[in-house]
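Residues 2 to 424, numbered by my numbering, are exactly what the sequence shown covers, in order.
Virtual Cβ for every residue (Gly too), placed ideally from N, Cα, C.
Just so it is clear, the structure is predicted and the values come from calculations on it, not from any experiment.
In what follows, a structure is listed as structure tokens, so that the remarks can point back to it.
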Amino acid sequence: MGGDWGWLLLAFGGCYALIFWALSMRFPALPLALIFGLAPFQNDLSGLGGVHFSISEVHLLLCAPLIFFSKNRIRWNWMGGVLVGGLALTVFLTVPNWRDTSLLSLIQMGIYWVGAVAVFANLPRESRDFELAWKTLIVVGSVLSVAALVTRSSYFLGLSKNGIGASLACTLVVTIERWICAPRTSRWKYLPVLLVVSAALIMVLSRGAWLAALAGVGFMLAWRAQYALLAKLACAAVPVVIVVWMGLPQESREYVVGFDESRYNIHARTLNADYAREQWLSSPYVGVGAGLRKEYDATNVLWLTLAETGPLGLLAFLAVHASLFWGVWSRRRFADPYSGASSALVLSGALVLGKFLHGMVDHYWSRGAIMIAWASVGMALSVEARRAGKAGGWSKNDLTLRRIHRWPGRSRSISNCEHEHSK
2 MGGDWGWLLL AFGGCYALIF WALSMRFPAL PLALIFGLAP FQNDLSGLGG
52 VHFSISEVHL LLCAPLIFFS KNRIRWNWMG GVLVGGLALT VFLTVPNWRD
102 TSLLSLIQMG IYWVGAVAVF ANLPRESRDF ELAWKTLIVV GSVLSVAALV
152 TRSSYFLGLS KNGIGASLAC TLVVTIERWI CAPRTSRWKY LPVLLVVSAA
202 LIMVLSRGAW LAALAGVGFM LAWRAQYALL AKLACAAVPV VIVVWMGLPQ
252 ESREYVVGFD ESRYNIHART LNADYAREQW LSSPYVGVGA GLRKEYDATN
302 VLWLTLAETG PLGLLAFLAV HASLFWGVWS RRRFADPYSG ASSALVLSGA
352 LVLGKFLHGM VDHYWSRGAI MIAWASVGMA LSVEARRAGK AGGWSKNDLT
402 LRRIHRWPGR SRSISNCEHE HSK
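Take a look at the structure:
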């Protein structure tokens, strides 16, 4: 009977793959939405040789053949060398100290740094293909937020506090970005989402997720020089924070404000950092190999990277992130500030920055938010390739192909921004 079910599942999977490929060739926004929007569901869906995949990762793997049919395969611009080089250096430094978990960890890095970036860089045909992905994430994040508020729990649907918190932080950042870019007459549609997601984010008590959300929103507004809007959003958030805070049990409040090392979660992080430091000192030049992250509670990505691949690996990891932030920031003057193209650029920096800071106090290489962050990098590279004329296929309304004056609010939109926006 088990064999019959196995064949039935295999047949279903094959049919699903064929339908998925046929629809994706016709509607490239569909696979992007399934990968990006369903990333918060981190549950294991399938396994192959001990490697397990979530629903988002399954769709990412199904998209791999589609890249070869893309009419406008693009270069990775300023990120190609550092991403591939960083992954290659990690492999090189891991080989002398190969561990049982090394292959799994390297596959994980490849999925996000190469797979997600390549798919989201090559499949889009126009900036509107990103819209469905963003909207799907907003819908999924809203559903998770309502579930968190109704159940008053940080653990449901097989998801953990930190996993839900990281996904809600991404949802909040994306929602605020879409709110900023929406016409004033339709901005009200995003307000209920902002309130619900903000309340749920506070309630799940993931301080790392709070840090990620604040950093992401701050990056977006600084990218547009909208410091006044940043202050207004902060003021608007105060009532929500107060209401949710007053509704929390006393034990939860003490958990949030408590940083004493006598507390279990703080003490555990100290022990984890000490363990990573000991591992690094045992092999200070090349580290002990990628895969260490699977053998302890890796709640600080810098200590983890130093322990796994030594100083060179840590420099490569920091170089990947620094290259992204530099690239996104330096291109802020080349795009219409409120177009889909500019959203793709600024979200890549905001989401990766949030994930990086969250990884300083929690797991970096974990499903969910990391897929969203590095898929956004692919979107940014897709935008840049077409802006630079290295790939065709997008309409003239998608991008501003000339350098505009410093903004916001000081030059009129010439592509997608005929409506007014706040300064």
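Secondary structure in the stretch 319-382: the alpha helix (DSSP H) runs of 4 residues or longer, each lying completely within the stretch, are 341-359 in chain order. For residue 378, the closest C-alpha among the options 363, 206 and 323 is that of 323. Contact check for residue 107 against residue 223 fails: the beta carbons are separated by 8 Å or more.
Burial of residue 179 is indicated by the presence of at least 16 other C-beta atoms within 10 angstroms of its C-beta. In the DSSP assignment, residue 129 falls within the unbroken alpha helix (DSSP H) covering 129-152.
Pairing residue 159 with residue 182, the inter-Cα distance amounts to about 34 Å. By the neighbour-count criterion, in which 16 or more other beta carbons inside 10 Å mark a residue as buried, residue 236 falls on the exposed side.
For residue 197, the closest C-alpha among the options 213, 177 and 208 is that of 177. Counting only residues of its own chain and dropping the five nearest sequence neighbours on each side, residue 351 has a CB closer than 6 Å to the CB of 174, 217, 220 and 221. Per DSSP, residue 80 lies in no alpha helix (DSSP H) and is assigned neither H nor E. DSSP places residue 178 inside the alpha helix (DSSP H), whose first and last residues are 162-182. In the structure shown, residue 157 falls within a strand segment according to DSSP collapsed to helix, strand and coil. Looking only at 369, 368 and 344, the smallest Cα-Cα distance to residue 380 is reached by 344. Separation of the CB atoms of residue 31 and residue 24 is rounded to 5 Å, and the pair is thereby assigned contact status at 8 Å. Where residue 195 is concerned, the enclosing alpha helix (DSSP H) starts and stops at 192-204. Straight-line spacing of the CA atoms in residue 383 and residue 109 works out to 23 Å. For residue 56, the enclosing alpha helix (DSSP H) starts and ends at 56-68.
Taken atom to atom, the span from the alpha-carbon of residue 94 to that of residue 288 is near 7 Å.
Per DSSP, residue 29 lies in no alpha helix (DSSP H) segment and is marked neither H nor E.
Using a Cβ distance threshold of 8 Å, residue 171 and residue 120 do not count as a contacting pair. Residue 208 and residue 168 have their C-alpha atoms spaced approximately 13 Å apart. Leaving aside the five residues that flank residue 358 on each side, the residues in its chain whose CB is nearer than 8 Å to its CB run, in chain order, 209, 212, 213 and 216.
Cβ neighbours of residue 270 within its own chain (closer than 6 Å, five residues either side excluded): 300. Straight across, the Cα-Cα distance linking residue 313 with residue 8 is about 47 Å. Scanning its chain for C-beta atoms nearer than 6 Å, with the 5 sequence neighbours on each side dropped, one finds around residue 320 the residues 83, in chain order. Annotation for residue 109: the continuous alpha helix (DSSP H) segment containing it runs 103-111.
Annotation for residue 291: no alpha helix (DSSP H) segment contains it, and DSSP assigns it neither H nor E. Take residue 166, set aside five residues on each side of it, and the residues of its chain with a beta-carbon closer than 6 Å to its own are 205, 207 and 210, in chain order.
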